[in-house]
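Residues in the sequence shown are numbered from 1430 upward in steps of one, following the working numbering. Written out below as structure tokens is the structure these notes cover.
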Amino acid sequence: MQLDPFYPIVPDTAWLKRLLPAGLKLVQLRIKDAPADIVRTEIGEALRLCADAGCQLVVNDYWREAIEAGADFVHLGQEDLSGADLGAIRDAGLKLGISTHSDEELGIALAAGPDYVALGPVYPTLLKKMPWAPQGLDRVTAWKAKVPCPLVAIGGLTPDRAAGVLEAGADTLAVITDIVTHEQPEARAETWVEITEPWRRRLSPHTRAGRQ
């Protein structure tokens, strides 16, 4: 499996509607602290929007709702992973992404047989206070040598840093703050799509974003 090199993370479908026209091929819906009915509605609408745009949707955390909605990709943090029914996820045909921040967490993630592993924060991030120090590019390279699946880099990523992180071994760049806090997020997303195009051209047309 291969992933598109640009992987924005958005909090709701309103953001999806704004950013999908930039040409996104891979996006994560990360809903926080919403009632169950809102979560289900958002996931269903996100799947429709992404299908229309030819974009792969990854649902964060809500694996039960992702299964119910017919999603084909879910992302779990370490805490969510410990309480998830991996058998049910696999039986439903969902691919699985897992967050990691340390060697211990990487071991836990690899034992679950993920379809991709995320490493972060690569650089300092302003989104939330992290208990982990920035990983740096050497860590990206070391992680890539350890994982048998695509490696997602996250944390403090900017267009100026993109090439260095991809060259260090990351397969795709997960981006939140650089877009959602930008004064022109739609234009910023277009910039990300443009600067990652050289890596996108290297992907086989039959193995793009989540397709075998």
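Beta carbons: idealized from backbone N, C-alpha and C, even for Gly.
Straight-line spacing of the CA atoms in K1446 and T1570 works out to 34 Å. Each of P1553, H1530, D1532, G1526 was checked against the Cα of A1541, and the nearest Cα belongs to G1526. Judged by their CB atoms, G1598 and G1549 are not nearer to each other than the 7 Å cut-off.
For secondary structure counted as the beta strand (DSSP E) over 3 or more consecutive residues, the region 1513–1576 holds these complete runs in sequence order: 1524–1529, 1545–1548. Cβ contact annotation for K1573 (same chain, cutoff 6 Å, sequence separation greater than five): L1580, G1598, in chain order. Residue pairing by DSSP places P1614 in no beta bridge whatsoever. In this structure, V1622 sits away from F1502, with a CB-CB distance that is not shorter than 7 Å. Selection N1489, L1448, E1533, K1524 evaluated against R1617 yields L1448 as nearest (Cα-Cα). Taken atom to atom, the span from the alpha-carbon of T1625 to that of L1510 is near 30 Å. By the Cβ neighbour-count rule, E1494 is buried, with 16 or more other Cβ atoms within 10 Å of its own. Within the model, the alpha-carbon separation for D1433 versus I1496 is close to 23 Å. Between L1586 and D1607, the alpha-carbon positions lie close to 7 Å from each other. Buried is the label assigned to I1518, since at least 16 other Cβ atoms lie within 10 Å of its Cβ.
Taking the Cα of D1600 as reference, the smallest distance to any Cα among L1455, W1444, A1465 is reached at L1455. The DSSP-derived three-state label of Q1507 is helix.
When the beta-carbon positions are compared, T1529 and V1546 come within less than 7 Å of each other.
With at least 16 other beta carbons inside 10 angstroms of its own, H1504 counts as buried.
Residues of the same chain with their beta carbon placed closer than 6 Å to that of D1532 are lacking, with the five preceding and five following residues left out of the count.
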